[in-house]
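One structure is given here, and the rest of the page talks about it.
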Amino acid sequence: MAKQTGSNMETVRKSNRFAILKYLNDNGPTSRKDLAAAIGLTPAAVTMICNNLLEEGVVTETGVSESQGKAGRRQIYLDIVSDAAYIISVNIETEDTTIAMCDIRGDIVECRSIITKSNVKPEDFLEEIVGMIEEILKSASRKAKKVVAISVGVPGIVDEDAGIARNAYGIWEDEVDIQGFLAERFDYEICVTNNVSAFAMAEQLYGMGRGHENLMIIKWGPGVGCAMIIDQHIYEGRHGKAAELGHFIVEKNGIKCNCGRRGCLETKIGYQALQKVAKFDMGDFGKCYAKSTGHNREDFDDAIDLFARSVVNSATIMAPNRIVLAGMMFEDEIIRDRMIKCCISYDSHFSENRICYSQLASKEKYIGPVAAYVLRFYFT
Ligand SMILES: [Zn+2]
């Protein structure tokens, strides 16, 4: 059943606030008048919302324009205050977990990294994370006063409203109430988001997706992760299982996949699958590819070609404005060039501008949860 949501004053207020902050984020300092024109609100409404934002310290007035306004008044620009608040990002990945303190724009203050432990009780591992958070808060004590939230990114199925990891593939088999655990120890807002969705939000907020309504983000390494943003919102689908690009069935009676089906894309092009062609470290895929010859090269090319075909097919359904590639397996230019060329060979509407490589690669380990909190809570 489709959710029918009525608009009350509170939802209208939230959506107007979001529109203003997102516009400032995407376009930089803007006058109230230009904001009103761009968003389609009356100048009086914009002034009222901006007064609240100024009072909260979320935005600031930044300088005066050269040109004179209509009534002879100079125009004042508004901009987001980067250090108005800080967020603790906890990004749990299969191999390692990164804990970082960042400002509203995702700039880092402090960062720690630990091995993700799937062989201990979830509470014990979360306790280790708590210890790291406390270390960071102590080390950056002046900025710690402005920490407003702990935002967690975790793989697999996440109940975002309840803050529960339902099935974190490869880490926890059972449900883990991350929000409940952290809320007992800290007095901050806690939010939990699927890690690929969180990274997609980072692309939307800070990366190649800025200013685009529809986006597809594809992460390669070790598996194949994908997220879709439709009309500026993550599309979750039934049971939060939309955009499972890695589980496109590409082979009849193929190898059994983690998901229980056979012949999924991931069983053909995942890091583990490609280890059968040649042994390499995930970040060295480009080097290994460049050195490969004969059958090995053909196998690698077939894998990239199969991946490209799946991406082109999914883009045929969704028609995103932009497709952003990310993840360790795309780290080397030789691999992403090959991928982009393969996509263009299947569909000439793919240009190098429409399918591009993430500019957030160096921030990949912590930026997602920051963006998830800013978009889901701070901007609304
Ligand atoms: Zn599968």
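Residue numbers (my numbering): 630 to 1009. Heads up, the beta-carbon is just placed ideally off N, CA and C, and yes, glycines get one too. These numbers come from a predicted model, not from an experiment.
Ligand 1 heavy atom lying under 8 Å from the CB of residue i
i: Gly-875; result: yes
i: Glu-895; result: yes
i: Gly-785; result: no
i: Arg-890; result: yes
i: Asn-796; result: no
i: Cys-886; result: yes
Beta-carbon contacts of residue i that lie in its chain and below 7 Å, excluding the five residues immediately before and after
i: Pro-751; result: Trp-801 and Val-805
i: Thr-1009; result: Lys-643, Arg-646 and Phe-647
i: Ala-937; result: Met-968, Cys-971, Cys-972 and Tyr-975
i: Lys-651; result: Phe-1008
i: Thr-745; result: Ile-721, Glu-722, Thr-723, Glu-724, Asp-725, Thr-726 and Ile-800
i: Lys-897; result: Val-879, Glu-880, Ala-932 and Leu-935
i: Gln-904; result: none
i: Gly-852; result: Gly-875, Glu-895 and Gly-899
i: Met-837; result: Arg-951, Val-953, Cys-985, Ser-987 and Gln-988
i: Thr-659; result: Tyr-652, Leu-653, Tyr-706 and Leu-707
i: Ala-713; result: Gly-686, Val-687 and Ile-733
i: Ser-768; result: Glu-739
Proximal residues to residue i (C-beta, below 6 Å), its chain only, five neighbours per side dropped
i: Ile-793; result: Glu-804 and Asp-806
i: Ile-765; result: Met-730 and Glu-739
i: Cys-986; result: Residue 986 is actually Tyr in this sequence, not Cys. Result list for Tyr-986: Leu-954 and Arg-965, in chain order.
i: Phe-828; result: Gly-997
i: Phe-979; result: Cys-972 and Ile-973
i: Ala-773; result: Leu-766
i: Pro-784; result: Ala-797, Tyr-798 and Asn-824
i: Ile-737; result: Ala-729 and Cys-731
i: Phe-959; result: Trp-849 and Arg-965
Span separating the alpha-carbon of residue i from that of residue j
i: His-603; j: Leu-894; result: Nothing about residue 603 can be reported from this structure: the residues present for the chain run from 630 to 1009 only.
i: Ile-878; j: Arg-890; result: 8 Å
i: Ile-786; j: Val-688; result: 35 Å
i: Ile-721; j: Thr-676; result: 41 Å
i: Gly-912; j: Gly-686; result: 41 Å
i: Thr-727; j: Thr-671; result: 43 Å
i: Ile-847; j: Ala-797; result: 19 Å
i: Val-749; j: Ile-705; result: 55 Å
i: Gln-861; j: Gly-923; result: 44 Å
i: Ala-673; j: Asn-654; result: 21 Å
i: Arg-871; j: Arg-661; result: Note that residue 871 is Ala in the sequence shown, not Arg. Each residue's alpha carbon lies about 38 Å from the other.
i: Ser-780; j: Glu-865; result: 19 Å
i: Ala-666; j: Ile-649; result: 11 Å
i: Ile-716; j: Asn-824; result: 16 Å
i: Val-777; j: Ser-921; result: 49 Å
i: Glu-873; j: Ala-856; result: 8 Å
i: Arg-814; j: Glu-684; result: 30 Å
i: Asp-961; j: Gly-850; result: 12 Å
i: Val-759; j: Ser-826; result: 23 Å
i: Val-1003; j: Ile-946; result: 29 Å
i: Val-906; j: His-868; result: 35 Å
i: Lys-775; j: Ile-709; result: 16 Å
i: Leu-707; j: Ala-919; result: 49 Å
i: Ile-668; j: Ser-770; result: 38 Å
i: Ala-1000; j: Lys-885; result: 35 Å
i: Arg-734; j: Leu-834; result: 9 Å
i: Thr-640; j: Asn-681; result: 16 Å
i: Arg-983; j: Val-821; result: 30 Å
i: Leu-664; j: Ile-678; result: 11 Å
i: Gly-854; j: Asn-882; result: 23 Å
i: Ile-963; j: Glu-690; result: 45 Å
i: His-841; j: Met-957; result: 24 Å
Close Cβ partners of residue i (< 8 Å) along its chain, the five nearest in sequence each way excluded
i: Leu-755; result: Val-805, Ile-807, Phe-810 and Leu-811
i: Ser-742; result: Asp-725, Thr-726, Thr-727, Ile-728 and Lys-994
i: Ala-948; result: Asn-843
i: Arg-863; result: Looking at the sequence shown, residue 863 is not Arg but Ile. Contacts found: Ser-826, Ala-829, Met-830, Ala-856 and Met-857.
i: Glu-818; result: Val-777, Ala-778, Ile-779, Tyr-1002 and Phe-1006
i: Met-761; result: Ile-728, Arg-741 and Ile-743
Residue i Cβ short of 8 Å to ligand 3 heavy atom set
i: Met-730; result: The model depicted lacks ligand 3 and carries ligand 1 instead.
Start-end ranges of the alpha helix (DSSP H) lying completely within the stretch 905-970, minimum 4 residues: Positions of the alpha helix (DSSP H) runs, each at least 4 residues long and wholly inside the stretch 905-970, are given as 914-920 and 923-947 in order along the chain.
Residue ranges of each alpha helix (DSSP H) run of no fewer than 4 residues wholly in the stretch 745-796, ordered along the chain? Complete alpha helix (DSSP H) runs here, min 4: 751-768 and 770-773.
Considering only residues of the stretch 853-896, which uninterrupted beta strand (DSSP E) runs meet the minimum length of 3 residues and lie entirely inside it, listed in chain order? Entirely contained in the stretch 853-896, the beta strand (DSSP E) runs reaching 3 residues are, in chain order, 853-859.
Taking only runs of the alpha helix (DSSP H) that begin and end inside the stretch 639-670, which ones reach a length of at least 4 residues, in chain order? Complete alpha helix (DSSP H) runs here, min 4: 661-668.
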